[in-house]
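Colleague:
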Amino acid sequence: MEFMGKKLEDIVVTLPYEDGTSMECGVYSYFEVNNKKYFALLPLKGKKELDYSQSYMLYEVEEDEENNPIVMYIEDDIEYAIAAQYFSNQLSKK
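Using the working numbering, read the sequence shown as starting at 184 and increasing by one per residue.
See the structure below:
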């Protein structure tokens, strides 16, 4: 699967934390709900291996003018619930 011409397995997202640390994540899934785009992320083990023992994290995603992903925290609880329900339904189909 691809996002704006990039293979999902090649996308690495660095999530910064308030304490100055960060976590590198890979993209498990990309999906759209209500005209918004989302990534389901998992932390990485090593350089590119997804850590399936961890919980999925959902983020809204847009692209910049160079088609690079911009990952954004989902602030609205209802929007998050809708995206999470859609993702959960997709997981149950696999």
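Think of the CB as a built atom: it goes at the ideal place given N, C-alpha and C, for glycine as much as any other residue.
Please determine, among E192, E201, Y242 and K190, the residue with the shortest C-alpha to C-alpha distance to E258.
Modeller: Taking each of E192, E201, Y242 and K190 in turn and checking the Cα distance to E258, the smallest one comes out for Y242.
Colleague: Report the option in I265, E248 and P252 whose CA atom is closest to the CA atom of K190.
Modeller: P252
Colleague: So, with DSSP's three-state summary, where would you put E249?
Modeller: coil
Colleague: Does the distance from the C-beta atom of Y269 to that of F214 stay below 9 Å?
Modeller: yes
Colleague: Which residues does DSSP list as the beta-bridge partners of M240?
Modeller: L224
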